[in-house]
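Note sheet for the following structure.
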Amino acid sequence: MTVEQNVLQQHSQKHQQTLLNQLREVTGTTDVQLLQQALQVSNGDLAEAVAFLTEKNAKVPQQDEATYYQTTQVGNDRYISVGSQADTNVIDLTGDDKDDLQRAIALSLEESSRAFRETGITDEEQAISRVLEASIAENKASLKRTHTEVWSDSPNPHDRKRMENCPVGLKNVGNTCWFSAVIQSLFNLLEFQRLVLYYSPPARVQDLPRNQKEHRNLPFMQELRNLFSLMVGSKRKYVDPSRAVEILKDAFKSSESQQQDVSEFTHKLLDWLEDAFQMKAEEDREGEKPKNPMVELFYGRFQAVGVLEGKKFENTEMFGQYPLQVNGFKDLHECLEAAMIEGEIESLHSSAENSAKSGQEHWFTELPPVLTFELSRFEFNQALGRPEKIHNKLEFPSMLYMDRYMDRNREITRIKREEIRRLKEQLTLLQQRLERYLSYGSGPKRFPLADVLQYAMEFASSKPVCTSPLEDIDTSAPPGGTTGQLLPALSTAEQGPSCTLPEGLSPAPTQAPSTQQRVPIHKPFTQSRLPPDLPMHPAPRHVTEEELRVLEGCLHRWRSEVENDTHDLQGSISRIHRTIELMYSDKSMMQVPFRLHAVLVHEGQANAGHYWAYIYDPHQQRWMKYNDISVTKSSWEELVRDSFGGYRNASAYCLMYINDKKPFLIEEEFDKETGQMLSGLDKLPSDLKAYVKEDNGLFDKEIEEWDTLQARKAQQEKLALAAATAAAETTTSPQPMSTEPSPPDSWGPQQDPEYMEQPSPTDDSKHLQEDTERAISKAAAEKQEERSPEGLLTAAIKVEYTRLLRFAQEDTAPENDYRLQHVIVYFIHNQAPKKILERTLLMQFADRNLSFDERCKSIMKVARAKLDLVKPEEVNMEEYEMWHQDYRNFRETTIFLMIGLELFQKKCFVEALMYLIYSYQYNRELLVKGLYRGHNDELIGHYRRECLLKLNENAAGMFESGEEPEVCNGLSIMNELVVPCIPLLLVHDTEKDLLAVEDMRNRWCSYLGQEMEPNLQEKLTDFLPKLLDCSTEIKSFHDPPKLPTYSTLELVERYGRVMASLSRVPADGR
40 MTVEQNVLQQ HSQKHQQTLL NQLREVTGTT DVQLLQQALQ VSNGDLAEAV
90 AFLTEKNAKV PQQDEATYYQ TTQVGNDRYI SVGSQADTNV IDLTGDDKDD
140 LQRAIALSLE ESSRAFRETG ITDEEQAISR VLEASIAENK ASLKRTHTEV
190 WSDSPNPHDR KRMENCPVGL KNVGNTCWFS AVIQSLFNLL EFQRLVLYYS
240 PPARVQDLPR NQKEHRNLPF MQELRNLFSL MVGSKRKYVD PSRAVEILKD
290 AFKSSESQQQ DVSEFTHKLL DWLEDAFQMK AEEDREGEKP KNPMVELFYG
340 RFQAVGVLEG KKFENTEMFG QYPLQVNGFK DLHECLEAAM IEGEIESLHS
390 SAENSAKSGQ EHWFTELPPV LTFELSRFEF NQALGRPEKI HNKLEFPSML
440 YMDRYMDRNR EITRIKREEI RRLKEQLTLL QQRLERYLSY GSGPKRFPLA
490 DVLQYAMEFA SSKPVCTSPL EDIDTSAPPG GTTGQLLPAL STAEQGPSCT
540 LPEGLSPAPT QAPSTQQRVP IHKPFTQSRL PPDLPMHPAP RHVTEEELRV
590 LEGCLHRWRS EVENDTHDLQ GSISRIHRTI ELMYSDKSMM QVPFRLHAVL
640 VHEGQANAGH YWAYIYDPHQ QRWMKYNDIS VTKSSWEELV RDSFGGYRNA
690 SAYCLMYIND KKPFLIEEEF DKETGQMLSG LDKLPSDLKA YVKEDNGLFD
740 KEIEEWDTLQ ARKAQQEKLA LAAATAAAET TTSPQPMSTE PSPPDSWGPQ
790 QDPEYMEQPS PTDDSKHLQE DTERAISKAA AEKQEERSPE GLLTAAIKVE
840 YTRLLRFAQE DTAPENDYRL QHVIVYFIHN QAPKKILERT LLMQFADRNL
890 SFDERCKSIM KVARAKLDLV KPEEVNMEEY EMWHQDYRNF RETTIFLMIG
940 LELFQKKCFV EALMYLIYSY QYNRELLVKG LYRGHNDELI GHYRRECLLK
990 LNENAAGMFE SGEEPEVCNG LSIMNELVVP CIPLLLVHDT EKDLLAVEDM
1040 RNRWCSYLGQ EMEPNLQEKL TDFLPKLLDC STEIKSFHDP PKLPTYSTLE
1090 LVERYGRVMA SLSRVPADGR
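Using the numbering used here, you'd call the opening residue of the sequence shown number 40 and step up by one each time.
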């Protein structure tokens, strides 16, 4: 077959498949043979085919969906686009009005035909257009949004700098997570990467204006080359794919927006790449049959062997991405087995030519090096009129052996399939028998037969306590037991060993003694145990020893027989399962290994969600998770959790396997002269190397400008500090202790406002002076013989340090945090250097605002003189300032936490959120330096999480009200507060935070299946993609709240009060 004939055949198949898809969507018919019959009867006229099917469906019950399979053809596009919106001119199809149905069908076909006639663009291409338009529109619209909704780069370029040898991420430029997932999966196929990087357009581009595709594909290929080159050699942590997406968008024109289906996008992308390589191949091999590297890499062939109305046929077809149904199957092999067989296949192996049965088998004759499976996880709900996602669990292996599906193993596989079918029939019979043993009984409640016999044996062997179950209970007691009942007390002798009386007699009345005793009454709702004289369980009233012996013997024998039968059945079932599992485990059926290369995952519902990819790194031998800009190490366990489905709303949507016997797919290149592996810019051709160097130069310049700006700011702050210090030296007002590394005369509140701020400028100063004077007085009392100021200073410092050390060593409750009372306690907790502690204490005693008695003044002068004698090399002033800055940050974090908890307890969740968010962020920065630098991160994380859950609950309640102002307020809370904070919960990947995010998303996703007003549906559809975006890129949001000033005493008191009032405080982190 010539290339032209092959292209024509593929085009014909695509056109036929498009008609089949339109018929299926319009009529809801899933029977492929019926659809093809309708097209044959109508000679390709869609209106007549629909009329034929409508009449047919009215008479014939629709075939069970589980039994149908659709023939795979090149260009098979049986997908439902994610996020598609219904037209506003809705026609009600839920009633019995056939006119409405016919009108809807006619409008659908007319619209589809008109669009194709006017533009020459198929429905599939229009769908691609819609999502690309949405992506770019989203990116452009982000400039007009409030700053809480904008995906923004960190202003600090160091945060965006690539770590050495770390893969490069892709920025989400607006609902383009699907683009990132697919591109990363293809980029990490090194053979494909080389094909793209070294692609050169045809030399006679100007002579190739044959169609629009060629004008579109060549610029796209160039931008894809640029993008790949940046992913190879960029210094950036992630790169922006906007230009490639822009070209995709410009290829079609549409105003509608939706999120694109990953498989559909991959299919179209490969089509475009195939076209681009085809042009180059035709130029390079004029006069010969061109070899398209994309076809050789991604396309295979299968043999369709079947019977149609009794006539056998065989034909060969090409395939790219192979579609598989998920619903009703537990693993990938079951999906493949079902996909390879369609219809009634018994007639394939018989010689009857007049059989009316039809069916076919597929046998792979040639598998592509890269084998891609599309897992069909969406189905159209005709009752609701929209697609729904299938969340069923589907397992798949890391190594897949395809031998059983190969044409060369056709006969062996048929024999094995027949053996498996026979074993499964036996298995079904054995499971039915076992079920009769495990669920015994004829009523609604069933029990294991062995247990039933055991219960019967226990009943038969029980000893009776009374003749009647009511005999030992006084039935004359008032209901409820509210009135005390007086009964005569019987002695043991009067009562006898049992209350059993001869038949026909009743107990004789007993004279009540003069002394009466109250008998306790059983109260079932207030008493936890039964009265001691009530029988524990029923027992037979009359049974002889002989009857009991015979009955126990029979029951015991029967129970043993049942247990043996059950054990034998379970053993037989296990052996059959094992036999089926090992059916294809012999070496002859393990010669075509395919290793799992990439898994594309979708999280969310059918019309909204997020995509990411797990890709195996064969050189590091580990899985990597590619989630937009975030590229992190992962594991097979995490992949299983997110990809198999059935656990969350996340599941695999596309599987990419590579032939394990073709290592060139993932092999690195080596220098021919040196033999060393090529990496970085060395992997690129000269034109792309220059392109990447230019971009890296721009990034280096951005870093340099940022560093210069920060240095200038630091210098300005230093000058401002010096000016403030000079101004402080001239003042004589009382001032508290400071920790600034300035001369002693500069000690004052202006130099340390962050953690010595107070409503009254003398509050902290007075408190600190009192502590210092007490230390001096105690030292003077203990060292009466020591009269020199220098000796008293040394003794006083020792006394003060001993007091603070005792505080630091105490094991206190969270509400009594001594670190807030004095900086020295904080330093001791965190093992600050001795020189830092000494200078800080010396600064405390050098405060000129101590009492003006002569002893204190002389000690202050000695302390100041000692500070003057300290040489710069003795104390690292930068380190000194760093420690005091950490303490200021600790106090600031404490204030954020305290105010946040106070607002949370008052149920002011909107106001509390930012305080809790910033307290958590600042606290984590402190804890990076040491365990005792900050507060308990579990406690702060708990209340941050609870605050977000409360806000989510309140916003959902507002949305459910349906009132426009309430709905807008609820969505505003989500967009401005909750959604920007979700990446903060995802970034550290803690289980509780992940579950909280899942709960919030599930709450909003639950609305998808509910009836609501169109305006609410539109708002929900617009909002959900933001909520479901799993990127951990931090969005910009509100600046931290401005903090009020607190004295140390007030801060300690309020913090202790709020911590003591917490109903649940996690274990202290210290």
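Positions of the beta carbon are idealized from the N, C-alpha and C atoms, including for glycine.
{"Check": "Per-residue burial, E104 [other beta carbons within 10 Å of its own, 16 or more giving buried]", "Outcome": "Legend: pLDDT at E104 = 36, less than 50; position of this residue unreliable, no value from coordinates given."}
{"Check": "C-alpha gap between R156 and L58, whole angstroms", "Outcome": "For R156, the pLDDT reaches just 47, beneath the cut-off of 50, and the residue's location in the model is therefore unreliable, leaving the point undetermined."}
{"Check": "Under the three-state DSSP convention, the category N855 falls into", "Outcome": "coil"}
{"Check": "Coarse secondary structure for L694, derived from DSSP in three states", "Outcome": "strand"}
{"Check": "Cα-Cα separation between M695 and L737, rounded to whole angstroms", "Outcome": "36 Å"}
{"Check": "Inter-residue Cα distance where the pair is G830 and R894", "Outcome": "12 Å"}
{"Check": "Unbroken beta strand (DSSP E) run spanning T411, endpoints", "Outcome": "409 to 415"}
{"Check": "Host alpha helix (DSSP H) of V864 (start-end)", "Outcome": "862 to 868"}
{"Check": "Segment contact, 8 Å Cβ cut-off, at least three pairs: the region 997 to 1009 with the region 943 to 955", "Outcome": "no"}
{"Check": "For Y857, the nearest candidate out of Y1094, F943, K432 (CA to CA)", "Outcome": "Y1094"}
{"Check": "CB-CB length for H498 against A422, believed under 8 Å", "Outcome": "Note that residue 498 is Phe in the sequence shown here, rather than His. No, F498 and A422 are not in contact; Cβ-Cβ is about 51 Å, not under 8 Å."}
{"Check": "Secondary structure, alpha helix (DSSP H): runs of 4+ residues fully inside the region 571 to 655", "Outcome": "584 to 620"}
{"Check": "Stretch pair the region 583 to 600 + the region 450 to 468: three plus CB contacts closer than 8 Å", "Outcome": "no"}
{"Check": "Through-space distance from L492 to E677, alpha-carbon basis", "Outcome": "46 Å"}
{"Check": "Which residues DSSP lists as bridging Q364, in chain order", "Outcome": "S415"}
{"Check": "V71 versus M628: straight-line alpha-carbon distance, rounded", "Outcome": "32 Å"}
{"Check": "Cutoff 8 Å; reference S239; Cβ partners in own chain excluding five residues on either side", "Outcome": "K319"}
{"Check": "Unbroken beta strand (DSSP E) run spanning R661, endpoints", "Outcome": "661 to 666"}
{"Check": "Contact belief for E356 with F368 at Cβ below 8 Å, rounded distance in angstroms", "Outcome": "Rounded, the Cβ-Cβ distance is 23 Å, inconsistent with contact."}
{"Check": "Distance CB(W402)-CB(R453) smaller than 8 Å", "Outcome": "no"}
{"Check": "C-beta atoms of H806 and T1087 nearer than 8 Å", "Outcome": "yes"}
{"Check": "Coil, strand or helix - D370 by DSSP", "Outcome": "strand"}
{"Check": "Nonlocal neighbours in the same chain, by C-beta distance under 8 Å from L876, ignoring five residues either side", "Outcome": "Y840, I863, F866, I867"}
{"Check": "Neighbourhood of M716 by C-beta distance below 6 Å, restricted to the same chain and skipping five residues each side", "Outcome": "E707, F709"}
{"Check": "Simplified DSSP assignment, three categories, for L6", "Outcome": "Residue 6 falls outside the range modelled here, since the chain spans only 40 to 1109, and no answer is possible."}
{"Check": "Rounded separation between N991 and Y650 - CA only", "Outcome": "23 Å"}
{"Check": "Backbone secondary structure at G1001 - three-state DSSP", "Outcome": "coil"}
{"Check": "Whole alpha helix (DSSP H) elements within the region 713 to 771, 4-residue minimum", "Outcome": "725 to 768"}
{"Check": "Coil, strand or helix - Y440 by DSSP", "Outcome": "strand"}
{"Check": "A946, DSSP secondary structure in three states", "Outcome": "According to the sequence shown, residue 946 is Lys rather than Ala. K946: coil per DSSP, three-state reduction."}
{"Check": "Pick from P657, D625, A283, Q399 that is closest to N354, judged by C-alpha positions", "Outcome": "Q399"}
{"Check": "Beta-carbon proximity of G208 to V670, cut-off 8 Å", "Outcome": "yes"}
{"Check": "Exposure of M202, with buried meaning 16 or more beta-carbon neighbours within 10 Å", "Outcome": "exposed"}
{"Check": "Exposure of L621, with buried meaning 16 or more beta-carbon neighbours within 10 Å", "Outcome": "exposed"}
{"Check": "Residue from N1054, Q360, L955 whose Cα sits closest to the Cα of L1082", "Outcome": "L955"}
{"Check": "Other residues of its chain near S415: CB distance less than 7 Å, five sequence neighbours each side excluded", "Outcome": "P362, L363, Q364, V365"}
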